[in-house]
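Numbered per my numbering, the sequence shown spans residues 9 to 300. Structure record follows, encoded as structure tokens.
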Amino acid sequence: FEKLPYSLPESGKEFVFMAASRLRCFDWEAAAALLDEGLRRCAPDSTSDELRAMLLERIKDAALQVYLVRCSFESWAPELSRLSNMFSLEEKKVRSTVNRMIHHRTISACWDESSRIVLFQDAAAQAHIHGLSLNLADAVHRALARNERVLKKASKQTSTGSLWQQELAKLKSKRQDADEAARQKKQEQGADGHSKKEAEPPGSSGAQQSDGVTGRTEKSASGRQSSFRKKLTNLNKAILRWRAQAKAGQLLALEVENRVRSSDVVQHLRALHGEAFREEEFVQDLLSRAGA
Numbered sequence: 009f010e011k012l013p014y015s016l017p018e019s020g021k022e023f024v025f026m027a028a029s030r031l032r033c034f035d036w037e038a039a040a041a042l043l044d045e046g047l048r049r050c051a052p053d054s055t056s057d058e059l060r061a062m063l064l065e066r067i068k069d070a071a072l073q074v075y076l077v078r079c080s081f082e083s084w085a086p087e088l089s090r091l092s093n094m095f096s097l098e099e100k101k102v103r104s105t106v107n108r109m110i111h112h113r114t115i116s117a118c119w120d121e122s123s124r125i126v127l128f129q130d131a132a133a134q135a136h137i138h139g140l141s142l143n144l145a146d147a148v149h150r151a152l153a154r155n156e157r158v159l160k161k162a163s164k165q166t167s168t169g170s171l172w173q174q175e176l177a178k179l180k181s182k183r184q185d186a187d188e189a190a191r192q193k194k195q196e197q198g199a200d201g202h203s204k205k206e207a208e209p210p211g212s213s214g215a216q217q218s219d220g221v222t223g224r225t226e227k228s229a230s231g232r233q234s235s236f237r238k239k240l241t242n243l244n245k246a247i248l249r250w251r252a253q254a255k256a257g258q259l260l261a262l263e264v265e266n267r268v269r270s271s272d273v274v275q276h277l278r279a280l281h282g283e284a285f286r287e288e289e290f291v292q293d294l295l296s297r298a299g300a
């Protein structure tokens, strides 16, 4: 209608279009006058003051919204009281309209409460901030994914370590059971051998050998105690002393047996009789006599 050679509308539709063109220039007074005139011509009897007042408020609000959109493109910063005076609206109504447009993202703006100015954000700055926020969100997502992978790896290593410890405990338990079984078996064999020795006649095995050696040494010494007899007596005393130390935990039973084997008496008999010398039976007999 602005391009027509005349600017006087004739029908109701032309009045509406002409009022809309006035609103584009946020001229709410001209738009209200055109709509009022169109209503008077089209329906002179149906218009009331209440309808006219409601229509006027709607026109003011629409003009304010058009003005705010224009300000967002022009980077203007209108003040609340100025907007209220321009469109003859209460400051509360103006603030409500601005907040509604910000909420619906019709405009990108915010309030400066200290000066009550509507601050519009630059589109380029908004795009830059949006890109930075996307980059930040992507970095956070990568960090979360990396943290999750580390936690999974740590939990897997922990479970593997616990399984290894369980297997090690099982192996230790089996080894202890085997050692206990071997110890019991050795004790049973030792008990059987000791009972067999008790069942033998007094002159048999190692006792006969030791008694025979003692007899020969007594005969050769002509009633005097020979050096071998003294060594044997001293060895028996030493065995008693070593057994007492073993019971006190100062020596091991194996160490006592090794000391007996390395004594002068056993070495002398080993050299004297050679392979015929039953060293094991002789040593065990000495130990059993000392423990009796």
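In this text, a Cβ means the ideal position worked out from N, Cα and C, and glycines have one as well. Predicted model only: the values in this text are computed from it and were never measured.
Quick one: measure Cβ to Cβ for residue i and residue j, integer angstroms, because I've assumed they're closer than 8 Å.
i    : j    : result
L248 : V268 : Going by Cβ atoms, the distance from L248 to V268 rounds to 12 Å, so no, they are not a contact pair.
E98  : S89  : Contact doesn't hold; Cβ gap of about 11 Å is too wide.
V74  : F34  : 5 Å
With respect to the alpha helix (DSSP H) encompassing residue i, which residues constitute its N-terminal and C-terminal limits?
i    : result
W8   : Past the edges of the chain, shown from 9 to 300, lies residue 8, and the structure says nothing about it.
L243 : S235 to K255
L262 : A261 to R269
L276 : Residue identity check: residue 276 is His in the sequence provided, not Leu. Counting along the chain, the alpha helix (DSSP H) containing H276 begins and ends at D272 to H281.
L91  : L88 to F95
T105 : E99 to H111
What residue does the beta strand (DSSP E) around residue i start on, and which one ends it?
i    : result
D120 : A117 to D120
F34  : It is not in any beta strand (DSSP E) - F34 carries neither H nor E in the DSSP assignment.
L127 : I125 to F128
Are the CB atoms of residue j and residue i within a distance shorter than 8 Å?
i    : j    : result
D44  : R30  : no
A117 : Q129 : yes
V106 : V126 : yes
L36  : F81  : Looking at the sequence shown, residue 36 is not Leu but Trp. For W36 and F81, no; Cβs fall outside 8 Å.
R278 : E265 : no
L259 : Q253 : yes
V102 : S92  : yes
R251 : A298 : yes
A39  : A71  : yes
V273 : K245 : no
Use the C-beta contact count for residue i: other C-beta atoms within 10 angstroms, 16 or more gives buried, fewer gives exposed.
i    : result
M109 : buried
S271 : buried
E283 : exposed
V148 : exposed
Q184 : exposed
K193 : exposed
L42  : buried
G257 : exposed
Between residue i and the ligand FAD, is the CB less than 7 Å from at least one heavy atom?
i   : result
L42 : With respect to the ligand FAD, the structure offers nothing, as it holds no ligand at all.
Quick check: the Cα distance between residue i and residue j, rounded to an integer number of angstroms?
i    : j    : result
L243 : H276 : 13 Å
F23  : R48  : 11 Å
K182 : Q174 : 12 Å
S122 : E87  : 11 Å
S56  : D120 : 40 Å
D187 : S163 : 36 Å
H281 : S235 : 18 Å
G20  : L140 : 52 Å
I67  : A51  : 19 Å
E196 : A190 : 10 Å
A151 : W84  : 41 Å
E18  : E65  : 25 Å
Q292 : K255 : 17 Å
E58  : L142 : 51 Å
D69  : K160 : 59 Å
R124 : R154 : 46 Å
R113 : M62  : 26 Å
F285 : A177 : 46 Å
I3   : R32  : Here the chain comprises residues numbered 9 to 300, so residue 3 is not present and cannot be evaluated.
K180 : T241 : 45 Å
Does chain B have any CB closer than 8 Å to the CB of residue i?
i   : result
S56 : Among the chains of the structure shown, chain B does not appear; only one protein chain is present.
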